[in-house]
Amino acid sequence: MAQAAGPPRTVLITVDDDPAVSRAVARDLRRRYGESYRVVRAESGESALEALRELKLRGDPVAVIIADYRMPAMSGIEFLEQAIDIYPDARRVLLTAYADTGAAIDAINVIDLDHYLLKPWEPPEEKLYPVLDDLLEVWRAADHRRVAVTKVVGHRWSARSSAVREFLARNEVPYRWYSSDDPEGRRLLAAAGEDGRRLPLVVTPDGTALVAPADRDLAARVGLATTPAADFYDLVIIGGGPAGLGAAVYGASEGLRTVLVERSATGGQAGQSSRIENYLGFPDGVSGAQLTDRARRQAAKFGAEILTAREVTGLEVGGAARVVRFADGSAIAGHTVILATGVSYRQLDAPGAAELTGCGVFYGSALTEAAACQGQDVYIVGGANSAGQAALYLARSAKSVTLVVRGPTLAATMSHYLVQQVEEAPEISVRANTVVEAAHGEHQLERLTLRDTESGGSELVDAQWMFVFIGAAPRTDWLEGTVLRDSRGFILTGPDLAPEGRLPAGWELDRPPYHLETNVPGVFVAGDARAESAKRVASAVGEGAMAVMLAHRYLEQS
Ligand SMILES: Cc1cc2nc3c(=O)[nH]c(=O)nc-3n(C[C@H](O)[C@H](O)[C@H](O)COP(=O)(O)OP(=O)(O)OC[C@H]3O[C@@H](n4cnc5c(N)ncnc54)[C@H](O)[C@@H]3O)c2cc1C
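Numbering (my numbering) for the sequence shown: 2 to 559.
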């Protein structure tokens, strides 16, 4: 069997309670197969099962299991019965004394035994190796490639399973999904000692099992940085969307010690876009994931530190330092700060929607859920570009896509090119003048009540999937008392802080705030979080670059 470079990962496991016999079997196996296979030895059924569970979580294939028949605590047959549950494809051999051949023959049917081997097996060239060669050939005929990526065992209607998948996908951590109903999903759960009530189970490539992990835990285990390397920086950027990533690239490339702190996954809203068609330099469009991946690599190349799954909950002014506090109470500080926190999806205010979020009701996770919508009827709520993009993307796999739009047409809210594509797609239909009045379902979305705002009539429709794109709002409450915002929470900067030429209260410098500067000197805003911003990828990236330029100016003068 061809093995990847490094020590062999495919395992031959042998279990015998007599240490001398156990060592002898292992020695003979190593002599012939040691270069291509890893030989694992155990001296009881229980410890062999433990080893198999660990191998399962690590994703290492097991080709052959050899068990002694007479073991005191657990017989070879009892052991093999349980071992099959973990590795159903492994070939099975029972080691027996002559007197036990009757039992061994019976076991052929009970546990689907491949072979029984009489002790002693001397010389192995005649009695052991030919048997093993045949079994290994049979085993190799099937595909047993090792799955060296993170594995997620979850359920389609488990909200935390959906959130974990989205978190991994948006952070570009490769993973393989197993439903908890599938045999392999059940085997992984059993190997981790779980019964499927706590989902999802995440198994990292090194075999660590995490049950329903929080984002920060998960991030740290899959190799994403979550802890700052220093406690003081020239520039602290809060938010890892296009504005934050743009600022990180320019800040780090211009020599500022830069850290970017992202609550969830880099990319922000743009990371959730299936195709951005109007970003300069990409005439054929670019997916948000691609753009994010390039931007993140570019920022890292210039030396920016990127922390994921860390939420900022406070900003304090400590003399010349700007102190940024995390949700767990810890803090870092910087000479300058760029707030690039963007906006978050507005929640649908309809009875049932909150309870079913992640269980059929989704906000902006159309990309990760698309595969599961194959051949299904899908509802999308909203009439803006994000809803149009999601409809086109889902129409590739769904049976039908219904756009539920409050207004009379799409024209007022969606770009012309998208309206045309939506109208040309046969799978997409538009229900204008319609709102979702309620979402129904016990554990998952089952039906929606749709109300026609013109006639006032309501209709109950079957629905398992609803994606909501009804606008967004800034989540800036944590800046209350420090940074001035408008009535909707967008952050005021530059000229907007001094509408009639009056400087904001408490402003002590003899110059007015710079264009993207807040009422706190040295704290800037870029992108969608800024009042009166353009809500476009290009403008967010541009503002990120401009905020860095202004941060330099601030540093030179302070
Ligand atoms: C589906 C969709 C499709 C779109 N398509 C296009 C398009 O085709 N063309 C176009 O020009 N624009 C498009 N847009 C709009 C565009 O994506 C946004 O204008 C752009 O992403 C704004 O960038 P931003 O960096 O200001 O904010 P965001 O992208 O919103 O990023 C803000 C980031 O800050 C993080 N954050 C927030 N608060 C905190 C905190 N307290 N601590 C740490 N991190 C925090 C968030 O998790 C988020 O990652 C689309 C938007 C969506 C949703």
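Using N, Cα and C, we set each Cβ at its ideal position, and we do this for glycine too.
Compare the Cα-Cα distances from residue i to each of the options and report the closest residue.
i      : options                           : result
Ala355 : Gln273, Ile339 and His444         : His444
Ile339 : Gly224, Ala532 and Gly245         : Gly245
Ala332 : Ile471, Gly458 and Ala231         : Ala231
Leu190 : Thr358, Leu451, Ile87 and Leu395  : Ile87
Pro496 : Thr519, Trp178, Leu510 and Glu509 : Thr519
Ala74  : Glu195, Phe525, Gly490 and Ser45  : Ser45
Ser366 : Asp350, Tyr346 and Gly353         : Tyr346
Ile14  : Leu119, Arg92 and Glu138          : Arg92
Leu200 : Val212, Ala192, Leu281 and Gly194 : Val212
His336 : Thr228, Ala310, Ala266 and Gly252 : Gly252
Ala373 : Ser76, His156 and Val165          : His156
Gln270 : Asp134, Thr293, Glu447 and Trp479 : Thr293
Val362 : Leu257, Ala439, Arg397 and His553 : Ala439
Run through DSSP, which three-state label would residue i get?
i      : result
Tyr515 : coil
Thr314 : strand
Thr102 : helix
Arg276 : coil
Trp508 : coil
Trp178 : strand
Met2   : Any reading at Met2 needs caution, since the residue's pLDDT is 41, under 50, leaving its predicted position unreliable; the model's value is listed next. Three-state DSSP puts Met2 in coil, outside helix and strand.
Phe327 : strand
Ile78  : helix
Leu225 : coil
Gly155 : strand
Gly545 : helix
Thr477 : coil
Ala322 : strand
Ser265 : coil
Ser559 : coil
Leu114 : coil
Ser430 : strand
Would you say the beta carbon of residue i comes nearer than 7 Å to a heavy atom of ligand 1?
i      : result
Gln270 : yes
Tyr364 : no
Ile381 : no
Gly240 : yes
Glu306 : no
Trp479 : yes
Ser288 : no
Asp216 : no
Glu312 : yes
Tyr280 : yes
Arg537 : yes
Ser331 : no
Pro229 : no
Val324 : no
Glu263 : yes
Asn386 : yes
Need the endpoints of the alpha helix (DSSP H) that residue i sits in, please.
i      : result
Leu169 : Ala160 to Arg171
Trp140 : Tyr130 to Arg141
His145 : Premise fails: His145 is in no alpha helix (DSSP H) and is neither H nor E.
Asp294 : Gly289 to Lys302
Val262 : Val262 -> not in any alpha helix (DSSP H); beta strand (DSSP E) instead, spanning Thr259 to Val262.
Val420 : His417 to Glu425
Leu498 : Gly495 to Leu498
Can you tell me where the beta strand (DSSP E) holding residue i begins and where it ends?
i      : result
Asp183 : From DSSP, Asp183 is part of no beta strand (DSSP E); its letter is neither H nor E.
Thr309 : Neither: Thr309 is in no beta strand (DSSP E) and is coded neither H nor E.
Ser401 : Ser401 to Val405
Tyr394 : That residue, Tyr394, is in no beta strand (DSSP E); its alpha helix (DSSP H) goes Asn386 to Ala396.
Ser254 : Element bounds for Ser254: not the beta strand (DSSP E) but the alpha helix (DSSP H), Pro243 to Ser254.
Gln367 : The displayed chain sequence assigns Ala, not Gln, to residue 367. First-last for Ala367: Ala367 to Glu370, but that is the alpha helix (DSSP H), not the beta strand (DSSP E).
Val204 : Leu202 to Val204
Asp378 : Asp378 to Val382
Leu211 : Ala210 to Val212
Phe525 : Val524 to Val526
According to DSSP, which residues form a beta bridge with residue i?
i      : result
Thr435 : Asp453
Val16  : Ala43 and Ala68
Arg92  : Val65
Gly343 : Gly343 is not bridged to any residue.
Asp463 : Arg448
Val362 : Thr358 and Met467
Ala332 : Arg326
Tyr234 : Gly335
Thr97  : Leu119
Ile492 : Arg486 and Arg531
Using 8 Å as the limit for Cβ to Cβ distance, is residue i near chain B?
i      : result
Ala334 : Although the question refers to chain B, the structure presented lacks it and comprises just one protein chain.
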